[in-house]
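The structure under discussion appears below in the form of structure tokens.
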Amino acid sequence: MRKFNIRKVLDGLTAVSAAASASSAAQQQQAGNRETEIQETLQSEHFQLCKTVRHGFPYQPSALAFDPVQKILAIGTQTGALRLFGRPGVECYCQHDSGAAVIQLQFLINEGALVSALADDTLHLWNLRQKRPAILHSLKFNRERITFCHLPFQSKWLYVGTERGNIHIVNVESFTLSGYVIMWNKAIELSSKSHPGPIVHISDNPMDEGKLLIGFESGTVVLWDLKSKKADYRYTHDEAIHSVAWHHEGKQFICSHSDGTLTIWNVKSPTKPFQTITPHGKQLKDGKKPEPCKPILKVEYKTTRAGEPFIILSGGLSYDTVGRRPCLTVMHGKSTAVLEMDYSIVDFLTLCETPYPNDFQEPYAVVVLLEKDLVLIDLAQNGYPIFENPYPLTIHESPVTCCEYFADCPVDLIPALYSVGARQKRQGYSKKEWPISGGNWGLITQSYPEIIITGHADGSIKFWDASAITLQVLYKLKTAKVFEKSRNKDDRPNTDIVDEDPYAIQIISWCPESRMLCIAGVSAHVIIYRFSKQEVTTEIIPMLEVRLLYEINDVESPDGEQVPPLPTPGTGSNPQSIVPQSHPSTSSSSSDGLRDNVPCLKVKNSPLKQSPGYQIELVIQLVWVSGEPPQQITSLAVNSAYGLVVFGNCNGIAMVDYLQKTVLLNLGTIELYGSNDPYRREPRSPRKSRQPSGAGLCDINEGTAVPEDRCKSPTSDVKDNSFSRSRSSSVTSIDKESREAISALHFCETFTRKNDTSPSPCLWVGTTLGTVLVIVLNLPPGGEQRLLQPVIVSPSGTILRLKGAILRMAFLDTTGSLVPPAHEPWREHNVPEDKDEKDKSKKRRPVSVSPSSSQEISENQYAVICSEKQAKVISLPSQNCIYKQNITETSFVLRGDIVSLSNSICLACFCANGHIMTFSLPSLRPLLDVYYLPLTNMRIARTFCFTNNGQALYLVSPTEIQRLTYSQETCENLQEMLGELFTPVETPEAPNRGFFKGLFGGGAQSLDREELFGESAAGKASRSLAQHIPGPGGIEGVKGAASGVVGELARARLALDERGQKLGELEEKTAAMLYSADSFSKHAHEMMLKYKDKKWYQF
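Those letters in the sequence shown? Residues 82 to 1180, by my numbering.
Below, the structure written as structure tokens:
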């Protein structure tokens, strides 16, 4: 860790003395002026809060669109979010302010723009030519509800269908309505006596832009002649229509219906369909109609030059397929493939080689948007294999129950995790490249490795490479495979402390340097893992059972520090050992018939094959005690240098030596105090009632009512009530006060008592009542002695007090640098060591980067302690509180982390009232206080975490991770790091009409829509029908892009303006801004003339 430069001493003195006087704790003289030597370099200008990127599957998706030229995919959601995907690593998240559901998306193909239609009857035009897309225009319909939109390729007129059955036409340049309207009664005239229902489809004939096909929900389809303003043909069917698709030659179209049928119509034969198909209907004898099926929600009709057309549809299964998974059906010639999906289908799109609707489509893939997944199917390969998805969309494969974030990890970690994770990949994917390949990557300005670890409800743990604002899964560990699976529900007598998900991960403790991993699960189990590149088979899984209970009145228990080592089950007992409080289960019930000494899960007793990666070192389980289930674990810490793991809950604390597989400490929380208990509590019998189940860990489905007992705070039982109330250390309930939980644990090498002259290994324990206790660790020498001699554990008598539950502890040296816990460097344990290595390991001392070990004895350290309410900096060994900061009076801190930033360190806190705050260390000067987001649910509380270099994250929805930064430097560099969605691409040439078609007619007929829909011909639309709202992205977008291709298009726009073309009011302002900009020099004028024929309406 780099130390502070001791310069500008005078400035440092004044800054620190000012901060000290401002803080509520008086500086103690006993510490001398040593504190003033620490020069704090962090200032408030180093901090700025902003969101960086959002990863994961878009939560509750509702709409899908694809730009076939730019090769960009857009997904809209029910909460108004917009996610854009290009090549792997190019992703973008935007949000509609209203939060209304996105019902449809339409790209302006190859124009760098997108139209979104929302459930609140608004249309928005997004500019995608900037790194953070912005809305240029909005249009709010007042009297009509939008149901369907259609924007023909290379047109500026958007058709908008409504619930009343009318069609309005919007100019996407000015985002104003045309006076041309197709009224429902004019469209159907006397063909139907009743209202035909909402518009469900609009499209123009691929061969004649002047003919518009309009589908009404009731089953009526109208071919409307735009020029003559009347219907050419009307097609009526007695089943409701869900979707319509054209054959590319414009002579046939296909409709999908609510009875599971498809009807194919010849354009010029409106009386009856040319063909009716029931793809999944059972064909009955005697020529009867097939049985009705479920509705076909969407159909696409795609042609190929070389063979039969593809008919692709979703839905339409027969009603007797109860429990069958949702399907996508691909009909190609005489073959029909039914592709089962894991979730219900929201929408699908067929990707084709051409953007022109009047050419052979040549489909090559289908994008299927599912409720919780995105699937791409390769149409060109036999069996229709899926493409391997390169986006990080599997965060929610099992619900996330906790996560941790590590920035600035050892550089060899990501390659090591990737190499073991590469073996876990599935086979059988398409051999082709991922077809969504648009956009360009941003510049990578951050070079340090970042890893995110997510724990899940099914007991799995995923490691993610999160470097440089990307996300990629590295490795997945299944912790549940160590336990016997119950085959049926009756066979689950012991897992009933939780209703479901007995393997769910609650806490992750990871040492990146030694690669030791420790997890605590919801069934009061702890598993310790070592990392190995070798495959091993474990004959007997090492296991300990711990009887951690709140002490009963009439039972004498031995002193915790005198508990001798426990023999490893199944490995023969140690001659000098006796069975202490904690022992393997021998019976399943106590004398009075209550369940006793039984763990919640059963460890497998068969050999376990362990693949390269994380391998089990030890399984520890808490057991039932006299009919009371074990309480869930509230804190956990592992230390590779000491070979120890420690965990606590609302009953007490247990420490295990995982090298010797023995329990070193097993104490009730009150026993930790000895005679110093400030609450004067009498030990009492545990409650007989059953523990509230689940602790809310797996209850993270949105929109479900969560009973209060399942909505626990992430740290303890004491913090049980809803988040609205202010929690202080004075808990009124006697039962809860007696159940003081362990809320924070920290191994370190520091001064344990006031008169200590040198630091020694110890464990600092924080509780939910704001107490910090120190336990001394007496470790045997390294090498073989470490495995033979016991570790001696003894309370030091040191007790410190804060207000609120303790959340985090850390230690600084005399220069103010962070003292990290000691750790062993990683080495391969499954390979026999040679003699030299053995000698080295004997001599090897734990690596502690603590500068204090080489300092003079007189030099001191500082303990930084953060609780729910306040932070304190305590000088050691004197134990004087030299700085104190009351973080919040009315709320409480959910997460506090001591992190490094700009070669310095600070305390970062996230409060339940939505504030993110940072404080300097050691003086606890406030540096940042920003209202970010209120705590709306448990998921945010459980997953929010800060890490080094100004990074933080939380789970913003059950499927998405939101990353943010509180570093000014990262905020400034963010624009460069973000990828670009839009890249200049030539639009493919239009299909050749051919000599004879040109001579005798036929081929595509074009239409001058301007002549039909412009103000001069169609007049003005009613002002009350829709309201135009200029977007925030308009002028900024033009300014920001004046140097690139967008700038050239903007210059072309100026040229058009000079030629006297009329622009709307917003355009005039924008053009004036551009005209007056400095960058439009002589060269710009030349470029303007060169590009004057390019389209310009995206602004």
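Backbone N, C-alpha and C fix where the C-beta goes; we use that ideal spot for every residue, glycine too. It should be emphasised that the depicted structure is a prediction, and the values quoted were computed from it without experimental measurement.
Where DSSP assigns a beta bridge to C731, which residues make up the other side? In DSSP, C731 forms no bridge with anything.
- prompt: Among residues of its own chain, excluding the 5 on either side of N967, which ones have a beta-carbon nearer than 6 angstroms to its beta-carbon?
  reply: Q951
Option nearest P593 by Cα separation, candidates A585, S687, L498, S511 = L498
#### Entry: Residue range of the unbroken beta strand (DSSP E) whose run includes A944
942-948
Would you mind listing the beta strand (DSSP E) stretches within the stretch 107-178 that are 3+ residues and don't spill past its ends, in chain order? 128-137, 142-148, 153-158, 162-166, 172-176
Those runs of the beta strand (DSSP E) which lie wholly inside the stretch 320-405 and span at least 3 residues: 322-327, 333-338, 343-347, 356-358, 377-383, 391-396
key: Rounded C-alpha distance that separates A1182 from E485   = The displayed coordinates of the chain run from 82 to 1180. Any statement about residue 1182 would go beyond what the structure contains.
Report task. State yes or no: is the C-beta of I190 within less than 9 angstroms of the C-beta of Q151? Result -> yes
- Item | Inter-stretch contact (C-beta, 8 angstroms, three-pair minimum) for the stretch 1006-1014 and the stretch 460-477 | no
Q.
Quick check: the Cα distance between C175 and A162, rounded to an integer number of angstroms?
A. 6 angstroms
Nearest-angstrom Cα distance between T551 and G523? 10 angstroms
Practice problem: Compute the Euclidean distance between the alpha carbons of K132 and G1031, then round it to the nearest angstrom. | Solution: 12 angstroms
Alpha carbon of G519 to alpha carbon of P277, nearest angstrom: 41 angstroms
Out of R226, P583, L558, T160, which has the shortest C-alpha to C-alpha gap to K566? P583
Q) If you drop the 5 nearest sequence neighbours on each side, which residues of the same chain put their C-beta closer than 8 angstroms to that of S259? A) W238, H249, I250, V251, N252, F1094, G1095, E1096, A1099, A1102
Where G1246 and P376 are concerned, what is the direct C-alpha to C-alpha distance, given to the nearest angstrom? Here the chain comprises residues numbered 82 to 1180, so residue 1246 is not present and cannot be evaluated.
Exercise. Can you tell me the Cα-Cα spacing of F1000 and G193, whole angstroms?
Worked result: 43 angstroms
query: How should G536 be labelled, buried or exposed, when 16 other C-beta atoms within 10 angstroms of its C-beta is the threshold for buried?
result: buried
Please state the DSSP three-state secondary structure of L494. helix
Coarse secondary structure for G260, derived from DSSP in three states = strand
Please state the DSSP three-state secondary structure of E1050. helix
- [ ] Along the alpha helix (DSSP H) that carries E1092, what are the first and last residues, could you check?
- [x] 1090-1094
#### Entry: Whole-angstrom distance between V872 and L451, CA atom to CA atom
55 angstroms
Next on the checklist: If you measure between the beta carbons of A488 and N1029, is that distance less than 9 angstroms?
Outcome noted: yes
field: K379 to C408 span [Cα, whole Å]
entry: 12 angstroms
query: Which of helix, strand or coil does DSSP assign to K690?
result: strand
Which word fits K311, buried or exposed, when buried means at least 16 other C-beta atoms lie within 10 angstroms of its C-beta? exposed
Identified DSSP bridge partners for V183 | L199
### Message
For G847, tell me which candidate among S841, S824, R867 has the shortest Cα-Cα distance.
### Response
S824
Query raised in the report: Within this structure, are the beta carbons of I586 and I609 separated by less than 9 angstroms?
Result: no
- Between which two residues does the beta strand (DSSP E) carrying Y610 extend? 606-613
Give every residue of the same chain whose Cβ lies closer than 7 angstroms to the Cβ of I474, excluding the five residues on either side of it in the sequence, and list them in chain order. The question names Ile, but residue 474 in the sequence shown is Leu. Around L474: G137, F138, D454, L455.
Endpoints, the alpha helix (DSSP H) within which R315 is located: Per DSSP, R315 belongs to no alpha helix (DSSP H); it is in the beta strand (DSSP E), 311-317.
- Task: Could you check the C-alpha separation between E821 and Y1035 for me, to the nearest Å?
- Result: 28 angstroms
Q. Nearest-angstrom Cα distance between T1046 and L130?
A. 6 angstroms
Checklist entry - So what does DSSP say about M1019, is it helix, strand or coil? => result helix
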